[in-house]
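Residue numbers (the numbering used here): 5 to 156.
Here a beta-carbon is modelled for each residue, glycine too, at the ideal position from N, C-alpha and C.
Here the structure comes first, spelled out in structure tokens, and everything after it is commentary.
Here is the structure:
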């Protein structure tokens, strides 16, 4: 913490976090494509939503990501806007019966939600990496360390 001697009463001024030199746009695009935000080559996921501990190509560590709650919220927001807009438009234009709307829009909602959750989670992990958030901050300023290996 630094002290501001020009302020009233010499109150401590918060030290700004170190800026990351990582490009945000390319990182988000790589994360959306479920690729390593650092190199764009390695896979970001080991399963449907399980993030790999480290990139198999460049070795960038991902074990300290904290993208657990935000991706579902963003997915629900996007899918909700798309589905409600589509539902309102089709309801006004064609006036289909409720059973037909249910048969159409429930599967669309489920498919869109499942299809968008993984790329959105990849983009959130990439956002954390690009902004040097959580454990990614140290990796931007110090040499890379090996990710922790599970005990055998």
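For residue 55, the pairing in a beta bridge is given by DSSP as 49. Using a 10 angstroms sphere on the CB of residue 39, the tally of other CB atoms reaches 16 or more, which defines it as buried. Distance from the Cα of residue 36 is smallest, within the candidate group 136, 121, 137, 105, for 121. For residue 39, the beta-bridge partners assigned by DSSP are 47. With a 10 Å radius around the Cβ and a threshold of 16 neighbouring Cβ atoms, residue 103 comes out exposed.
Sequence-distant partners of residue 50 (beyond 5 residues in either direction) whose C-beta falls short of 6 Å from its own C-beta, in its chain, are 56. Contact between residue 79 and residue 124 holds: their C-beta atoms lie close to 5 Å from each other, under 8 Å.
DSSP, read as helix, strand or coil, puts residue 114 in helix. Residue range 74-98 is occupied by the alpha helix (DSSP H) that includes residue 87. Nearest to residue 82 by C-alpha distance, out of 59, 27, 114, is 114. Within the same chain, and ignoring the five residues on either side of residue 71 in sequence, the residues whose Cβ sits closer than 6 Å to its Cβ are 125, 128, 129.
Residue 87 is not a Cβ neighbour of residue 61, given a cutoff of 8 Å.
Residue state for residue 119 is assigned as helix, using DSSP reduced to three classes.
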